[in-house]
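*Asks:* In UniProt numbering, the protein residues as written are 1 to 94.
Each residue gets a CB set at the ideal place from its N, CA and C atoms; glycine is no exception.
Since this is a predicted model, take the numbers as computed values, not measurements.
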Amino acid sequence: MEIKDNTFSRQFETQFEGKLVAVEYSFQEKKIFLTKINLPDHFENDEFINDFLKDIMAIAEERKLKVVPIHPKIAAFFKKNPIYRELLPPGIRI
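1) Assuming L53 is part of the alpha helix (DSSP H), what are its boundary residues?
2) Could you pull out every residue in the same chain whose Cβ sits closer than 8 Å to the Cβ of residue 114, ignoring the five residues on either side in sequence?
3) Measuring CA to CA, which of P89, E86, F16 is closest to P40?
4) Expressed to the nearest angstrom, what Euclidean distance is found between the alpha-carbon atoms of A75 and E29?
5) Given a cut-off of 8 Å, decide if F78 and P72 are closer than it, judged by their beta-carbon atoms.
6) Between F43, V23, N38, which has its C-alpha nearest M57's C-alpha?
7) Do L87 and E47 have their C-beta atoms closer together than 8 Å?
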């Protein structure tokens, strides 16, 4: 999956069946806050979203960032995938 980091729009972007799927973010110090998921209408492919979020976690690890999940779907992703809990900043439990 090819992910584009659109720093101008502050979102990670990818294409699914010709439509844009994006996760909005904001930075504060060494933390990235994942604030919103923008999906096409009637999008129900949870496996694709999980793969997209796994790739975003790999980017965060590579950049040595801590991840703060704001959006409920992203928080649920951390619950389902405990291996990524090490990316959470101290004091945040999900």
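*Replies:* Looking at the coordinates:
1) Its alpha helix (DSSP H) spans residues 46 to 62.
2) Since the displayed the chain opens at 1 and closes at 94, residue 114 lies outside it and no answer follows.
3) It is F16 whose Cα lies nearest to the Cα of P40.
4) Taken atom to atom, the span from the alpha-carbon of A75 to that of E29 is near 21 Å.
5) No, the Cβ-Cβ distance between P72 and F78 is not below 8 Å.
6) It is V23.
7) Against a cut-off of 8 Å, the Cβ pair of E47 and L87 comes out as no contact.
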